[in-house]
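Note sheet for the following structure.
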Amino acid sequence: MAAKYAEEWPAWGYRKIAALMRADGHNVTNSSVQRALRRRGLLLPQGFRADRKSWAALRRRVFQDPPSERNRVWQTDFSEFETANGGLWRISAVIDYVSKYCLAITVTPTSRGRDAVECVEQAVAEATRVLNLADLRQDRGDMDVFDDQDNVIGCTPAPIAIVSDNGSCYRGKDFQTLFTGSDPLLRHIRTRIKSPQTNGVIERFFETLKYEHLFRGYIGDGDALDMEAHRFRIIYNTIRPHQALNDRTPQQAYLTTINHKTLPTS
């Protein structure tokens, strides 16, 4: 049975295979699945994507006071992908920091501000739909208000922090339209210069998308890339167990995160 799972999901290690089997009702342990796959030569080679732990360590340092609830911090970025017929495309995505839920993914020929805006707008629409809310502002936290002496003088609703790098698409006027108004839903935080690890969750998602899915098949053109990117988003959110979430899927984590009305101070 473990071999059948491993053949269906060849990019996954034995721990993830075991977690998926348990989710499907099979009474297995990590070690028993490891032994079964080793006997059949199906274990991933030692050192496969060995940077996983180093990326995790970097992500832990992203925030001095990491958020513990959904819709407090989102991360967004672009990643390039060249199709088999020579076309160069840009994949954009938005990830919820705590639950790792991929709220939106788009494939475009350019990485302009309007492309970034479209992806974030799709993320807002998806979060509103999944949570069955009339307005996503109903699921945001609060933050303290300080005076010029750093004394707390009140509390106010906190916009969702959108973390991006310093690419030109995120610095232009188009992207800044997302953060206007008397009660903005979103606020923008850019990473330090030459510090891509600060946006580690979205970087890790793109790595997973490419090495577990896109690089393992034939992607001929932009339409095929768009279809496979959206297909992987469904797999990633609803099927693939996530070790950082105690082997839950991102969708399970996103829908079960309890709102304690807290917000990171960083």
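Under UniProt numbering, the first residue of the sequence shown is numbered 1, with each subsequent residue one higher.
Glycine included, C-beta positions come from ideal geometry on N, C-alpha and C.
query                                                                                                                                                                               : result
Quick check on this structure: which residue in Thr-256, Ile-239, Phe-78, Leu-88 has the alpha carbon closest to the alpha carbon of Val-163?                                       : Phe-78
Identify the continuous alpha helix (DSSP H) that holds His-230 and give its terminal residues.                                                                                     : 222-238
Could you tell me which residues DSSP pairs with His-188 in its beta bridges?                                                                                                       : Ile-162
Out of curiosity, what's the CA-to-CA distance linking Leu-214 and Arg-112?                                                                                                         : 23 Å
For the region 76-92 against the region 134-148, do three or more pairs of beta-carbon atoms, one drawn from each stretch, fall closer than 8 Å, so that the two count as touching? : no
Between Glu-212 and Ala-11, is the Cβ-Cβ spacing less than 8 Å?                                                                                                                     : yes
Classify residue 274 as helix, strand or coil using the three-state DSSP reduction.                                                                                                 : The first residue shown for the chain is 1 and the last is 266, placing residue 274 beyond what the model contains.
Take Ala-23 and list the residues in its own chain whose beta-carbon comes closer than 7 Å to its own, dropping the five residues that flank it on each side.                       : Pro-241
Return the chain-ordered list of same chain residues with a C-beta closer than 6 Å to the C-beta of Lys-16, the five sequence neighbours on each side being excluded.               : Pro-241
Look at the alpha carbon of Arg-129 and the alpha carbon of Gly-41, and state the distance between them as a whole number of angstroms.                                             : 43 Å
Can you give me the Cβ contacts of Ile-160 inside the same chain, cut-off strictly under 8 Å, excluding the 5 residues immediately before and after it?                             : Asn-71, Arg-72, Val-73, Trp-74, Leu-136, Arg-140, Leu-185, Leu-186, Arg-187
Determine which residues share a DSSP beta bridge with Arg-114 and list them.                                                                                                       : DSSP lists no partner for Arg-114.
What three-state label does DSSP hand Gly-25 in the structure shown?                                                                                                                : coil
Assuming contact is defined by CB atoms lying nearer than 8 Å, are Tyr-14 and Gln-34 in contact in what I supplied?                                                                 : yes
Within 10 Å of its beta-carbon, does Tyr-218 have 16 or more other beta-carbons around it, so buried, or fewer, so exposed?                                                         : exposed
What does the Cβ neighbour count give for Val-201, buried or exposed, with the cut at 16 atoms within 10 Å?                                                                         : buried
Taking the alpha-carbon of Ser-182 as reference, which of Cys-169, Thr-156, Ala-127 has the nearest alpha-carbon?                                                                   : Thr-156
Measuring only the C-alpha atoms, how far is Ser-99 from Tyr-236?                                                                                                                   : 12 Å
What are the residues that DSSP puts in a beta bridge with Val-107?                                                                                                                 : Ile-91
Shortest alpha-carbon distance to Glu-207 belongs to which of Thr-108, Thr-256, Ala-93?                                                                                             : Ala-93
Run through DSSP, which three-state label would Asp-247 get?                                                                                                                        : coil
Would you list the one or two residues that DSSP bridges to Gln-75?                                                                                                                 : Ile-95, Val-163
Could you tell me if Arg-248 is buried or exposed, where buried requires 16 or more neighbouring beta carbons within 10 angstroms of its beta carbon?                               : buried
Closest to Val-120 by C-alpha separation, out of Asp-96, Leu-133, Ala-84, Gly-167, would be which residue?                                                                          : Asp-96
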